[in-house]
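Below you'll find the structure, written out as structure tokens, and then a few comments.
Number of protein chains: 2
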Amino acid sequence: MPATNAAASRRRSGIPEATVARLPVYLRVLTALAESGTTTVSSEALAATAGVGSAKLRKDLSHLGSYGTRGVGYDVEYLVYQISRALGLTQHYSVVIVGVGNLGHALANYAGFATRGFRIAALVDADPRRVGEDINGLDVHHLDDLERLVKEHEASIGVIATPATSAQEVCDRLVACGVTSVLNFAPIVLAVPDSVDVRKVDLSIELQILAFHEQRKAAGATERPGSAVPDVVRGTVVAS
Amino acid sequence: MPATNAAASRRRSGIPEATVARLPVYLRVLTALAESGTTTVSSEALAATAGVGSAKLRKDLSHLGSYGTRGVGYDVEYLVYQISRALGLTQHYSVVIVGVGNLGHALANYAGFATRGFRIAALVDADPRRVGEDINGLDVHHLDDLERLVKEHEASIGVIATPATSAQEVCDRLVACGVTSVLNFAPIVLAVPDSVDVRKVDLSIELQILAFHEQRKAAGATERPGSAVPDVVRGTVVAS
DNA sequence: ATTTGTGAAGGGTTTCACAGCG
DNA sequence: CGCTGTGAAACCCTTCACAAAT
């Protein structure tokens, strides 16, 4: 699914795109382990809690360097640091969120942002009635101030949580004032220059993919009327 | 990201997982085209608006059958129907949403659900103060009634929009009462039987992936001090 | 004895380029 | 002539299995 230009990506960074997508999962599991006092973990154990195979985990980590000890495993804290560094989380990024509806509220209140070096620099909305509202300690500004806010806070990441109808226009403005990464929640395909990264989160698409698999399960069940609850069915766990 | 068991999947359905993930995008573009009165579209044009290459688009569609006309293109309405059928959207699915915080509200109000054959059968929350609240014409029920509601509405898809701490327990209960597909918004890796499909949407992970690419851009820029705004940079558009 | 790190094999996916059809 | 549909090549990713290290 994922990507475009994974080859070009790897040429520079050495880390395959598929690996990059899993590192944050490892990081989360490792952080939890560290908090529970665990100091060392094997690839087998870490892989199990992260929901992947141990060979895949080791290959992923091998792209960062040789940070394990044979016969022992990985030092939890050290791995946390190395993964953070590889992902660029030792730097801080300012994020601007455009659109403060239910979804924007959810994003503004999401604790996971701050804990990983992401600072919500500004909340912006087109509706004058929302301007001035306080969300999680942040003021809502008017869309007119978008350019000023982006430059003032040197925001490099923009989050689009607007209706689909305004998403492209907001995106264009973000890109025009220097944003180079966009996380898009609007159900629309954004057009951006090649120098800008876009990732999209699309609820409707996720549901449709699930529907596809549901359909297959149902078809399989009726093919074999004898087994009301088939005990060997393929299960699929998919990363977003 | 993507998948597990794509091989097993394809054995039954004939459609590769990577293709399944893109079909909903094509469907959305085609629906918009149909509404704007377009009756025919070429792979080139459709691919451009969907943000993919035309060869990829044609190969994707070829997995559904030969529904184009050489020298002409694809009939928009017919393609809409064929993709809908392939995805299983001609059936209707009942969805139960657990957790009615900001995110749950956003999901309950999302129009894209109903328009694709997904019916929100019930909203559920653990907080008694939310019970009885009316969201988008739907009552919020208490978590205690989860099993009853799932069975009553024959829901096969569950959406988890709870805090991470309760997500696994909610998931277990959903699976126990017959839900076979789960869309998880909680930042945690869910453990499920092989017969259950899980897809996850994780805001923090998306941001971390963007951070990785931001870091690379910054590194590239300092490597070549002469070019303040490099004009040939890799741009990456990634499907979620 | 145990667990990492990794070549090599095996699939899956994308891209190319063109044959085939309208 | 134009555009689809598709073998074949290229590429990426995963899995296997084991040598190397502690």
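So the protein sequences, as listed, match chains A and B.
Each step along the first sequence adds one to the number in the numbering used here, with nothing skipped, and position 224 is 218.
Each step along the second sequence adds one to the number in the numbering used here, with nothing skipped, and position 169 is 163.
Don't be surprised by glycine CBs; every beta carbon is placed ideally from N, CA and C.
The distance from the Cβ of residue 91/A to that of residue 21/A is about 23 Å, inconsistent with a contact at the 8 Å cut-off. The shortest CA-to-CA distance from residue 37/A to any of 62/A, 14/A, 121/A is the one to 62/A. In this structure, DSSP gives residue 37/B a helical state, which the three-state scheme calls helix. Contact annotation for residue 44/A against chain B: 183 [CB-CB distance below 9 Å, chain order].
For residue 37/A, the closest Cβ of chain B is not nearer than 8 Å.
Residue 174/A places its beta carbon less than 8 Å from that of residue 208/B. Considered as a whole, the region 137 to 192 of chain B harbours 140 to 147, 158 to 170 as its complete alpha helix (DSSP H) runs of no fewer than 4 residues, in chain order. Under a 10 Å Cβ-count criterion, residue 131/A is classified as exposed, with fewer than 16 other Cβ atoms of the shown protein chains found around its own Cβ. In the pairwise beta carbon analysis, the region 42 to 49 of chain A is classified as not touching the region 65 to 84 of chain A: fewer than three pairs are separated by under 8 Å.
Straight-line spacing of the CA atoms in residue 121/B and residue 48/A works out to 39 Å. Contact of residue 82/A with chain B is assigned, a C-beta pair being separated by under 8 Å. Residue pairing from DSSP places residue 112/A in a beta bridge opposite 87/A.
Residue-level contact check: residue 18/A touches chain B, since one or more beta carbons of chain B fall below 8 Å from its beta carbon. Under the 8 Å Cβ criterion, the region 159 to 175 of chain A does not count as touching the region 96 to 111 of chain A, having fewer than three qualifying pairs.
The DSSP-derived three-state label of residue 63/B is strand. Looking at the DSSP output, residue 201/B sits in no beta bridge, so it has no partner there. Here DSSP, grouped into helix, strand and coil, assigns residue 135/A to strand. Residue-level contact check: residue 136/A does not touch chain B, since none of the beta carbons of chain B fall below 8 Å from its beta carbon. Counting along the chain, residue 12/B sits inside the alpha helix (DSSP H) bounded by residues 11 to 29.
Within chain A, no residue has its beta carbon less than 9 Å from that of residue 41/B; the closest one is some 11 Å off. For residue 174/A, the neighbours in chain B by C-beta distance under 8 Å run, in chain order, 208, 211. Cβ atoms of residue 151/B and residue 94/B stay farther apart than 8 Å, at about 17 Å. Bounds of the alpha helix (DSSP H) holding residue 54/A are 48 to 56.
Contact of residue 73/A with chain B is not assigned, every C-beta pair being separated by 8 Å or more. Taking a C-beta distance under 8 Å as the contact criterion, residue 118/B and residue 135/B qualify as a contact pair.
Between residue 142/B and the set 52/B, 10/B, 156/B, 115/B, the nearest pair of CA atoms involves 115/B. Under the three-state reduction of DSSP, residue 104/A is assigned to coil, being neither helix nor strand.
In the structure shown, the three-state DSSP call for residue 92/B is strand. Shown here for residue 155/A: same chain residues with a beta carbon closer than 8 Å to its own, the five before and five after excluded, namely 91, 92, 93, 94, 95, 97, 98, 101, 179, 180 in chain order. In this structure, the alpha-carbon of residue 28/B lies about 7 Å from that of residue 71/B.
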